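Residue numbers (numbering that gives the first Met the number 0), protein chains in the order written: chain H, 0 to 202; chain U, 0 to 202; chain A, 0 to 202. Below is one structure, written out as structure tokens; the observations come after it.
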Amino acid sequence: MFYFIIDILGTIAFAISGVLVAMDKKLDVFGVLIVAFVTAVGGGTLRDILIGSKPVGWLHAPMHLLIIVATVILVIIFMNRMKYVLKTLFLFDAIGIGLYTMVGIEKGLAADLSPIMCIVLGTITACFGGVIRDILCNEIPVIFNKEIYATVCITGGLVYFLLIQFPIDNTIAYSMAIVTIIIVRILAVRFKISLPNIYRQEM
Amino acid sequence: MFYFIIDILGTIAFAISGVLVAMDKKLDVFGVLIVAFVTAVGGGTLRDILIGSKPVGWLHAPMHLLIIVATVILVIIFMNRMKYVLKTLFLFDAIGIGLYTMVGIEKGLAADLSPIMCIVLGTITACFGGVIRDILCNEIPVIFNKEIYATVCITGGLVYFLLIQFPIDNTIAYSMAIVTIIIVRILAVRFKISLPNIYRQEM
Amino acid sequence: MFYFIIDILGTIAFAISGVLVAMDKKLDVFGVLIVAFVTAVGGGTLRDILIGSKPVGWLHAPMHLLIIVATVILVIIFMNRMKYVLKTLFLFDAIGIGLYTMVGIEKGLAADLSPIMCIVLGTITACFGGVIRDILCNEIPVIFNKEIYATVCITGGLVYFLLIQFPIDNTIAYSMAIVTIIIVRILAVRFKISLPNIYRQEM
């Protein structure tokens with residue numbers, strides 16, 4: 000039940016981030032809806048395609064589609080009051096990447112993958128919805144050069160695989176990894192931490 | 000046989016739209032061919048990947064590839080006379096999206112998906128070739144903010160699932176849905192109907 | 000063993016080409032890593048998804064990931080001396096596309112595909128890592144209008160299927176196809192051969 004609520008909140012947060020980027024590009028109603036949908040389900044879809052689970056999850060779970068459609072409609076109606084929502088949105092988003100990272104890691108474990116590949120899958124689940132969103136909107140993905148996002152997911156994954164080396168209940172390790180992701184993400188944004196940009200000096 | 004001819008005409012129409020966009024970007028012969036191919040088969044490919052049908056359809060049907068290569072060669076040779084073809088092209092294109100929408104819906108039904116997901120798959124089949132075409136050419140997909148395209152597919156899908164509630168022969172419902180898509184598409188272009196663009200006022 | 004070494008050299012060459020493009024876009028460390036990874040494994044991943052082999056190869060072979068991470072770190076450290084490496088890099092790259100084309104053709108044969116589709120798969124394996132790299136970096140793929148790349152792979156594939164019509168050992172045909180690709184690629188770059196660009200005159 001707890002899992003279910005967080006999944007919905009995460010979906011809403013991801014969909015809203017899609018709507019906001021799509022609006023900046025002045026897409027039409029349908030374009031906004033597609034971008035919101037892809038942002039919310041794109042990471043999990045790519046993960047399922049890579050693992051080869053068939054068919055992709057959301058095809059059998061129309062709930063996500065309905066939530067995303069409702070979110071898009073509400074954002075469009077209330078868009079001028081969105082600034083009051085943005086702070087809360089950021090929290091949902093942090094919770095969402097925490098949860099989705101661990102969902103991806105779980106799916107990787109279920110598919111008998113090594114810890115390192117599980118962390119890759121968790122990161123893809125949490126981050127690649129946003130990557131596809133930015134590609135559809137003709138931008139370089141924001142997580143590639145502005146925001147600490149993937150690094151946070153990797154950190155959470157490492158914490159999880161570290162904790163389960165100890166005699167700790169799996170649920171506790173799982174929850175602590177999610178909490179780690181949420182806290183690191185909030186700290187990174189709060190203190191404007193970012194990774195160094197890489198470019199070549201003149202040769 | 001009828002189905003077969005429409006499929007070929009649709010493939011040609013989609014391939015030509017790919018060639019035209021690729022030419023605007025001054026791609027080389029091979030780039031033009033790739034973009035034409037992806038425009039023609041991209042939507043169906045994405046649908047097959049999402050459903051998990053393996054392998055993707057065109058790998059066993061070289062006919063599409065040959066038709067697309069022939070189309071690209073003919074367009075390059077006759078490109079200065081293309082304007083006489085463009086009106087006919089638009090009609091093929093409208094027939095193509097009608098047909099492909101219903102092909103996608105059929106595949107969704109065969110995979111036991113709910114009506115809403117079948118409509119999603121039909122829309123992906125008809126529209127995402129064009130989306131991938133525009134991404135490869137570094138443009139925001141035209142169906143996201145300029146053309147009524149996906150909405151037409153969704154309308155056709157709704158008509159189909161409405162009709163089969165009644166004691167009507169499936170073939171008739173199928174055909175009527177295709178005809179609906181063609182007519183709505185022609186009307187939308189004829190009267191320059193478009194969806195409202197969404198953007199935020201200053202906050 | 001020989002195959003193994005070439006695979007590693009090819010991976011390194013592809014990863015470095017990813018790093019160089021990502022640096023031009025001033026991505027952060029993580030963005031550079033992702034782009035390098037996608038460039039190196041993207042073509043094979045797309046091939047596996049299209050054939051429907053499950054799961055995608057690299058999920059069970061962490062070696063590639065480790066090599067790519069090491070390559071990225073080394074390039075970042077030594078980036079100001081990269082110009083001494085670039086010539087060697089080009090040779091590795093040529094060897095890489097030769098090898099990957101034939102790996103893709105082999106996978107196509109193993110999946111019972113026709114020669115023409117095997118060549119398509121081989122070309123995808125060798126070229127689409129670079130295509131995805133350029134899309135992620137918000138550029139029109141360089142192989143679409145500047146470089147002879149895919150044409151080289153197709154040539155190699157044709158040579159292979161031509162040779163196996165004769166009573167020649169498969170390994171020899173395989174090796175000669177790779178050598179053909181390497182030589183044609185080097186000649187194309189050496190003599191700045193490119194395909195004609197296609198665009199419409201005023202209509």
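Cβ atoms here follow ideal geometry from the backbone N, Cα and C, with glycine treated the same way. Keep in mind it's a predicted model, so treat the numbers as computed, not measured.
For Asp23(U), which beta-bridge partners are listed by DSSP?
Paired residues: none, contrary to the question.
Can you give the Cα-Cα distance for Ile115(H) and Pro61(A), rounded to whole angstroms?
8 Å
Please confirm if the region 126–137 of chain H is in contact with the region 8–22 of chain H, defined as three or more CB-CB distances below 8 Å between the two stretches.
yes
For Thr154(U), which residues in the same chain have their Cβ closer than 6 Å to its Cβ, ignoring the five residues on either side in sequence?
Val183
With H, G and I counted as helix, E and B as strand and the rest as coil, what does DSSP make of Phe196(U)?
Note on residue identity: the sequence assigns Asn, not Phe, to residue 196(U). Three-state DSSP puts Asn196(U) in a strand.
Which of the three DSSP states, helix, strand or coil, is assigned to Val55(H)?
Shown here, Val55(H) sits in coil according to DSSP, grouped into three states, outside any helix or strand.
For Lys145(A), which residues in chain H fall below 9 Å Cβ to Cβ?
Correct list: empty, because the minimum Cβ distance to chain H is about 20 Å.
Select from Gly107(U), Asp111(U) and Thr100(U) the residue whose C-alpha is nearest the C-alpha of Cys126(U).
The shortest CA-to-CA distance from Cys126(U) to any of Gly107(U), Asp111(U) and Thr100(U) is the one to Thr100(U).
When the Cα atoms are used, what is the spatial distance from Leu120(A) to Met78(H)?
46 Å
Three Cβ pairs or more, each shorter than 8 Å: is that satisfied between the region 177–192 of chain U and the region 89–105 of chain U?
yes
Which value, in whole angstroms, describes the spacing of the CA atoms of Met202(U) and Val31(H)?
Unreliable positioning characterises Met202(U) in this predicted model, as indicated by a pLDDT of 45, which lies under 50. The coordinate reading is nonetheless provided below. So the two alpha carbons sit approximately 19 Å from each other.
Which bits of chain U does Asn196(H) rub up against, with CB to CB less than 9 Å?
Correct list: empty, because the minimum Cβ distance to chain U is about 22 Å.
Could you pull out every residue in the same chain whose Cβ sits closer than 7 Å to the Cβ of Arg46(U), ignoring the five residues on either side in sequence?
Here Arg46(U) has Gly103, Lys106, Leu120, Ile123 and Thr124 as same chain residues with Cβ atoms under 7 Å from its own Cβ, once five neighbours each way along the sequence are excluded.
Taking DSSP as the reference, what is the three-state secondary structure of Phe1(U)?
Shown here, Phe1(U) sits in a helix according to DSSP, grouped into three states.
Output, in chain order, the set of chain U residues within a Cβ distance shorter than 8 Å of Lys277(H).
Residue 277(H) lies beyond the stretch modelled for chain H, which goes from 0 to 202, so this question has no answer here.
Using a Cβ cut-off of 7 Å, which residues of the region 24–54 of chain A contact any Cβ in chain U, in chain order?
Within the region 24–54 of chain A, the residues whose Cβ lies closer than 7 Å to some Cβ of chain U are Ile48, Leu49, Ile50 and Gly51, listed in chain order.
Quick one: give me the first and last residue of the alpha helix (DSSP H) that Ala60(A) is part of.
Segment: none, Ala60(A) is in no alpha helix (DSSP H) and carries neither H nor E.
Kindly list the residues whose CB is nearer than 7 Å to the CB of Ile11(U), restricted to its own chain and excluding five residues on each side of it in sequence; keep chain order.
Ile66, Thr70 and Phe91
Give the DSSP-derived three-state secondary structure of Pro140(H) in the structure shown.
Reduced to three states, the DSSP call for Pro140(H) is coil.
Should Pro54(H) go down as buried or exposed, given a rule of 16 or more other Cβ atoms within 10 Å for buried?
It counts as buried.
Under 9 Å Cβ-Cβ, which residues of chain A neighbour Glu138(H)?
Asn137
If you follow the alpha helix (DSSP H) that Ala176(A) is part of, which residue opens it and which one closes it?
Per DSSP, Ala176(A) belongs to the alpha helix (DSSP H) from Asn169 to Arg189.
Taking all protein chains shown into account, decide if Tyr2(A) is buried (16 or more other Cβ within 10 angstroms of its Cβ) or exposed.
exposed
What does the alpha-carbon distance come out to for the pair Arg80(H) and Leu157(H)?
39 Å
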